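Position in the sequence shown counted from 1, then plus 6, gives you our numbering.
For each residue, glycine too, the CB sits at the ideal point set by N, CA and C.
Being a predicted model, the structure only gives us computed values, none of them experimental.
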Amino acid sequence: MPTPALLRAPWLPPERDAPDAAVTRDGGWSRTVMVICSTATVAAVVVLAIAGRLG
């Protein structure tokens, strides 16, 4: 199983002193979380669109 250090995107700044890994110092969502949520949303829309065409 990969260690959490291997899962961090190297182009993002380190968030060592953030209270939560998903939330940055200013209280906003980190870019990684936003990308993951956006990808999941797009995937859900695509699945629903395909299901609508088949049904």
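When you compare only the Cα positions, how much space is there between residue i and residue j?
| i | j | result |
| --- | --- | --- |
| residue 51 | residue 58 | 10 Å |
| residue 48 | residue 37 | 16 Å |
| residue 46 | residue 61 | 22 Å |
| residue 42 | residue 35 | 11 Å |
| residue 53 | residue 39 | 21 Å |
Alpha helix (DSSP H) containing residue i: first to last residue?
| i | result |
| --- | --- |
| residue 44 | 37-60 |
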